[in-house]
Amino acid sequence: MDKEILNIENIKAKHVTGLVQTKLKKIDASLSSLKQDGIDRLKAIREQSLSYMDMLDTMESLQRELDAFDTTQVFKTLNELDYLKNNPFFARIDLKDGDSGDLNFKPYYISKFGFFDDNLPALIDWRAKLASVYYKYRYPQSNVSYEVDGDIYTYDMNLKRTFEIDGGQVIKYFNNDIQLTENELIIEKIKNRTGGVLEDIVETIQESQMKIIENDPREVCIVQGCVGSGKSTVAIHKLSYIFFNYPQIVSPDRSILISKNRVLVDYLSSLFPKLGIFDLKYATTRDLIFRQLTSEGIKIKFNLGLNTDVSHFSSEFLYSFQFKLASAKSDCFNSINLILSKEKYKDLISFKFNSKSSIFDNFDDLVNEITLSIQDLKVEIKEHQGDRFYIEKSKEVISRFSQLKGELISKKNSILNQHFNKLTSEYNLNEFLGYKEALLYLILFHDFYGFKKNQMYEYCVIDEAQDMSLIELMYIQQMVINNRFCIIGDLNQNLHNNPITRWEDIFNLFEGTKISTFLLETNYRSTKNIVDYANKVISPFSELYLPKPIEKEGSDITHLLNSKEIILETLRESIKNDYQNLSKSIGFIFNNSTLKEEVLSILKEEITDPEKLLILDEYKKGTYTPRGVYALDFENCKGLEFNKVYLFGFDIDKIEDFETAKKAFVGITRAMNDLVIVNLK
Numbered sequence: 006m007d008k009e010i011l012n013i014e015n016i017k018a019k020h021v022t023g024l025v026q027t028k029l030k031k032i033d034a035s036l037s038s039l040k041q042d043g044i045d046r047l048k049a050i051r052e053q054s055l056s057y058m059d060m061l062d063t064m065e066s067l068q069r070e071l072d073a074f075d076t077t078q079v080f081k082t083l084n085e086l087d088y089l090k091n092n093p094f095f096a097r098i099d100l101k102d103g104d105s106g107d108l109n110f111k112p113y114y115i116s117k118f119g120f121f122d123d124n125l126p127a128l129i130d131w132r133a134k135l136a137s138v139y140y141k142y143r144y145p146q147s148n149v150s151y152e153v154d155g156d157i158y159t160y161d162m163n164l165k166r167t168f169e170i171d172g173g174q175v176i177k178y179f180n181n182d183i184q185l186t187e188n189e190l191i192i193e194k195i196k197n198r199t200g201g202v203l204e205d206i207v208e209t210i211q212e213s214q215m216k217i218i219e220n221d222p223r224e225v226c227i228v229q230g231c232v233g234s235g236k237s238t239v240a241i242h243k244l245s246y247i248f249f250n251y252p253q254i255v256s257p258d259r260s261i262l263i264s265k266n267r268v269l270v271d272y273l274s275s276l277f278p279k280l281g282i283f284d285l286k287y288a289t290t291r292d293l294i295f296r297q298l299t300s301e302g303i304k305i306k307f308n309l310g311l312n313t314d315v316s317h318f319s320s321e322f323l324y325s326f327q328f329k330l331a332s333a334k335s336d337c338f339n340s341i342n343l344i345l346s347k348e349k350y351k352d353l354i355s356f357k358f359n360s361k362s363s364i365f366d367n368f369d370d371l372v373n374e375i376t377l378s379i380q381d382l383k384v385e386i387k388e389h390q391g392d393r394f395y396i397e398k399s400k401e402v403i404s405r406f407s408q409l410k411g412e413l414i415s416k417k418n419s420i421l422n423q424h425f426n427k428l429t430s431e432y433n434l435n436e437f438l439g440y441k442e443a444l445l446y447l448i449l450f451h452d453f454y455g456f457k458k459n460q461m462y463e464y465c466v467i468d469e470a471q472d473m474s475l476i477e478l479m480y481i482q483q484m485v486i487n488n489r490f491c492i493i494g495d496l497n498q499n500l501h502n503n504p505i506t507r508w509e510d511i512f513n514l515f516e517g518t519k520i521s522t523f524l525l526e527t528n529y530r531s532t533k534n535i536v537d538y539a540n541k542v543i544s545p546f547s548e549l550y551l552p553k554p555i556e557k558e559g560s561d562i563t564h565l566l567n568s569k570e571i572i573l574e575t576l577r578e579s580i581k582n583d584y585q586n587l588s589k590s591i592g593f594i595f596n597n598s599t600l601k602e603e604v605l606s607i608l609k610e611e612i613t614d615p616e617k618l619l620i621l622d623e624y625k626k627g628t629y630t631p632r633g634v635y636a637l638d639f640e641n642c643k644g645l646e647f648n649k650v651y652l653f654g655f656d657i658d659k660i661e662d663f664e665t666a667k668k669a670f671v672g673i674t675r676a677m678n679d680l681v682i683v684n685l686k
């Protein structure tokens, strides 16, 4: 590492952090001024002898100024600047137009957040199209390119440099030439990760991950990502990228992240603020169902904790359900057409039914179209005063339109209810709904009556999608505009007896929309020892989608196999030692273990700081810290990662079926660096 180059890069870092500090001071001054100005004006209102109306006008004016103050944007800007003052940039690329001279390479510094100085980019946001050059090309070369709005921009790149920065100071730099592999860079970058919290990956995004992030949000994006491939993190970065590059079609407050598990949803949401995302919605499927059943005024009893097994919702069931629903909608449209085709109405209107809208909305659209026709005729009558024949003829048409409108309105509910009740009776959905019945009921309700109290989402990420049935995906689809989805998962982590055995099974749901599929094969989370061990557990049952490790070496897996007394005594000593040296996260994962309550008791006794012991529960909102001890049931561990894992309830040498192997595979791969498997002798 050249000391002169290091000094030059530090001068750049110091310059940028100085600009950032200046901007922070300006914002602080503006906030103080706004606050003081408000206080001074309120004092003036009190001290002046204003009339009651003048006082109200002055106070309303002050309120309008305060309302115009964008608190969220200011908070977001402060959050970004606070980050940049300690981490100004993480990479540099030097580019020049291929037609310009050899000395005309321009340096671009890439950062987590963009920063402008006098309207000129001092730092390039990682989401900017230009920054994609850094991610797409492994080493300096000619004819690198990126695309903006269909236009291709081509340059030569003679430098690709990454940095290690601490407190705004450049500690190290690496020139990414052909001799330095991406895995070496990743190992260097992730060596200090602690687990316990989800961290951004803007500095280590790989080309395969960038393709997913950049994929057009108007397409369905399906990602098969092996365990530890960063698929969830990539999906959240994709959201950040979309909000940055497609603000006209997708906004954070109209987007949502969905998973089946509450712990995972809360865990993923902890990454949002780190990427400047503050308005994104997130929920479990159960949250969505409960919200709609209560907000749409549906008068039916339900308990979503019952009948949660959706394993019988196979492809065959989905096709049958879709067919019956389409037939019922067709019957409704035919009933409407029978009215429209009556002799006295048939020449009045030609209406095209929208199969993507609810039948209720089709009725309303038809009635509104008739109302507009009546209004147009009334206007024409005024314009033809004196033409008695035209006026009488128009009045006769208005009369028929009015009769048609009245007949449609009077028969709307009977037509809708007749076909809706027929289907709900067929599927036993009329008296009480458990979870699986609620799914079917709401799909039917949406297609017949529509959701009036819940907005449509402009984009949706579904995480751990392999755990969802086709019916659950169909239900979620109804709430998202134009099939704008990123669907991510791993078929080797399917733990719910789910009928989805291949991603192609869901293509039918998105017919008419372009579908792009992606494969992530490399595990960046765990050591090679842990990945190899996990693969040995699952490979007797499946060779598909096995994770490929990076050359991240670690300690051997520890097997704690002994009597209950010795295990608990050993664990107590280990917990004491772990807690005294708590620099990273530790996870205790229990799979139907008889040791759970006693281990929890030891944890509560030995970990004296209650903020360092986090017991995760699906029914409570969790908190996450990079240096804490976590305890959780196996059902809540998916998607999480810990530096060290104690895994209870798996006798690895006695696994005889694929389902048990998948569970053990998931539990093992929660560990980043150290794994202890605990079993009673």
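Position 598 of the sequence shown, counting from 1, maps to 603 under my numbering, and the rest follow consecutively. Glycine included, C-beta positions come from ideal geometry on N, C-alpha and C.
Minimum C-alpha distance to residue i - residue among the options
i: G200; options: T674, R632, R132; result: R632
i: I448; options: Q483, S419, N433; result: Q483
i: F663; options: K427, T506, L621; result: T506
i: K304; options: L11, L438, V149; result: L438
i: Y88; options: A96, T599, T22; result: T22
i: E431; options: S415, I341, Y462, S325; result: S325
i: L164; options: C231, V683, Y144, P126; result: Y144
i: S355; options: S363, I364, L345; result: L345
i: N124; options: E193, P112, L24, E85; result: L24
i: N373; options: K410, E385, F655; result: K410
i: K361; options: I254, K416, F515; result: F515
i: L311; options: P93, K686, E442, D171; result: E442
i: N641; options: V671, I364, T630, K659; result: V671
i: C226; options: G302, K609, N586, Y464; result: Y464
i: L298; options: L524, H451, L478, R675; result: H451
i: N15; options: A96, T630, E526; result: A96
i: I32; options: K17, M677, M215, N84; result: N84
i: T209; options: P278, S137, D638; result: S137
i: D7; options: E152, I660, M162, R166; result: R166
Sequence-distant residues of the same chain with beta carbon closer than 7 Å to residue i, five excluded per side
i: D271; result: K626, G627
i: L11; result: V175, Y178
i: F512; result: I520
i: S588; result: R632
Continuous alpha helix (DSSP H) stretch holding residue i: start and end
i: R166; result: No alpha helix (DSSP H) contains R166, which is instead part of the beta strand (DSSP E) from 156-171.
i: R97; result: Note, R97: premise wrong, no alpha helix (DSSP H); beta strand (DSSP E) at 96-102.
i: T238; result: 236-250
i: T665; result: 663-673
i: K2; result: Since the first residue of the chain shown is 6 and the last is 686, residue 2 is not available in this structure.
i: Y629; result: Segment: none, Y629 is in no alpha helix (DSSP H) and carries neither H nor E.
Contacting residues, own chain, Cβ-Cβ under 6 Å from residue i (five flanking each side not counted)
i: K286; result: I261
With 16 other Cβ atoms within 10 Å as the buried cut-off, status of residue i
i: G233; result: buried
i: P545; result: exposed
i: K117; result: buried
i: Q380; result: exposed
i: Y624; result: exposed
i: A240; result: buried
i: R267; result: buried
i: S264; result: buried
i: Q211; result: buried
First and last residue of the uninterrupted beta strand (DSSP E) at residue i
i: M677; result: 676-685
i: H564; result: 563-567
i: Y142; result: That residue, Y142, is in no beta strand (DSSP E); it is neither H nor E in DSSP.
i: V228; result: 225-230
i: Y113; result: 111-116
i: T522; result: 520-525
i: L128; result: 125-130
i: K649; result: 647-653
Same chain, Cβ closer than 8 Å to residue i, five either side skipped, listed in chain order
i: G258; result: Here the sequence assigns Asp to residue 258, which means Gly is not the residue at that position. Taken in chain order, the residues that qualify are D284, L285, K286.
i: L36; result: V79
i: D679; result: G559, S560, T563, N648, K649, V650
Rounded distance between the beta-carbons of residue j and residue i, thought under 8 Å
i: K601; j: N499; result: That pair is no contact at about 25 Å.
i: Y114; j: L128; result: 5 Å
i: I492; j: A470; result: 5 Å
i: S300; j: N459; result: 6 Å
i: L428; j: I364; result: L428 to I364, Cβ: 12 Å. No contact.
i: G644; j: D468; result: 7 Å
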